[in-house]
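J.: Starting off with a structure, shown below.
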Amino acid sequence: MTNQTSHNNKQIIQELISKDLTLKGDNLPLLTQVIDKIAWIDNTVVLAELIPQVSVIIGDIKLLSIAASAASVSSIVLFPVGAMLSIINGMEAGLRLYGMRAVAYTITAWTYGDIIPTRSPTVLRNITPGVVKAKAWDIQQRDKAWKAASDSVIHRLNSEIKNKNVKKETLQLIFKALSDNNKQKLTLNVLKGFEKQLSVFELPVWKNNYKIVYPF
Numbered sequence: 011m012t013n014q015t016s017h018n019n020k021q022i023i024q025e026l027i028s029k030d031l032t033l034k035g036d037n038l039p040l041l042t043q044v045i046d047k048i049a050w051i052d053n054t055v056v057l058a059e060l061i062p063q064v065s066v067i068i069g070d071i072k073l074l075s076i077a078a079s080a081a082s083v084s085s086i087v088l089f090p091v092g093a094m095l096s097i098i099n100g101m102e103a104g105l106r107l108y109g110m111r112a113v114a115y116t117i118t119a120w121t122y123g124d125i126i127p128t129r130s131p132t133v134l135r136n137i138t139p140g141v142v143k144a145k146a147w148d149i150q151q152r153d154k155a156w157k158a159a160s161d162s163v164i165h166r167l168n169s170e171i172k173n174k175n176v177k178k179e180t181l182q183l184i185f186k187a188l189s190d191n192n193k194q195k196l197t198l199n200v201l202k203g204f205e206k207q208l209s210v211f212e213l214p215v216w217k218n219n220y221k222i223v224y225p226f
């Protein structure tokens, strides 16, 4: 994107906000950067239609957690909403971490229109090495945990879209923009969003598995 295009976007955003939107000053630079990234990903978007919806989503801390300055897109970490965490936190320790990965994979698949993964074959393979095989019921429990977490994500995303009267495509574009249109980066962003939920014993294991990439 050229500097001229970015400048034009900023002018359009400011004009629209001054006419129709109430947006806190701190969020204006953030909105501008997100719009710039979206326009870079998809140059067919109509800013006049997109900006009001993006501003609604950006202002919702349930969907976006701003880790540092609100003026920096790079400071944003996608963070699962409370309804997802309530299901995951009710799981046993091993299933809990597996459910968190399900959240990351589901958000990524939903964002890019992929088939929603039903498990992580790499994680399952790692917990059943060599001749030591997990019992069938153990795998079934993990599959159930994955499905519960995944279904919760889809339900919550669809609810947010409906309740806030925004388009699915708008939220998908924002998720793409915040991860530089990269599936692996989006997945990693969501995984990192769980770090504060983990114990000092769980965290090293969790980070070590960042090398397992979507959708494996």
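Going from the sequence shown to this note's numbering is simple: count from 1 and add 10.
Note that beta-carbon positions come from the ideal geometry of N, C-alpha and C, so glycine has one too.
#1: Check G35 in the structure and name its three-state DSSP category.
#2: Since A159 and A119 should fall inside the 8 Å C-beta cutoff, what is the C-beta to C-beta distance between them, to a whole number of angstroms?
#3: K177 to A187, Cα distance in whole Å?
#4: Assuming Y224 and A155 make a contact with CB atoms under 8 Å, what is their CB distance in whole Å?
#5: One question on the structure: do I61 and L183 come within less than 8 Å of each other, judged by their Cβ atoms?
#6: Can you give me the start and stop residues for the alpha helix (DSSP H) that Q182 sits inside?
#7: Under the rule that 16 or more other beta-carbon atoms within 10 Å means buried, what is Q63, buried or exposed?
#8: For D153, does the three-state DSSP call read helix, strand or coil?
#9: Drop a sphere of 10 angstroms on the beta-carbon of P214, count the other beta-carbons inside from all chains shown, and report buried for 16 or more, exposed for fewer.
#10: If the criterion is Cβ atoms closer than 8 Å, does the pair Y220 and L201 meet it?
#11: How far does the alpha helix (DSSP H) with Q4 in it reach, from first residue to last?
#12: Here's the rule I'm using: 16 or more other beta-carbon atoms within 10 Å means buried, otherwise exposed. How should V210 be labelled?
#13: What residue does the alpha helix (DSSP H) around P131 start on, and which one ends it?
#14: Am I right that T121 and F185 are in contact with their C-beta atoms under 8 Å? What's the rounded C-beta distance?
T.: The structure says:
#1: Any reading at G35 must be qualified, since the residue scores a pLDDT of 44, below 50, and its modelled position is unreliable; the value itself is stated next. Note: G35 maps to coil in three-state DSSP.
#2: Not confirmed; about 13 Å, so no contact.
#3: 16 Å
#4: With 8 Å as the limit, Y224 and A155 do not qualify as a contact, their Cβ atoms being about 18 Å apart.
#5: No, the pair does not count as a contact, with Cβ atoms beyond the cut-off.
#6: 178–188
#7: buried
#8: helix
#9: exposed
#10: yes
#11: Residue 4 lies beyond the range of the chain shown here (11 to 226); nothing can be said about it.
#12: exposed
#13: 131–136
#14: 4 Å
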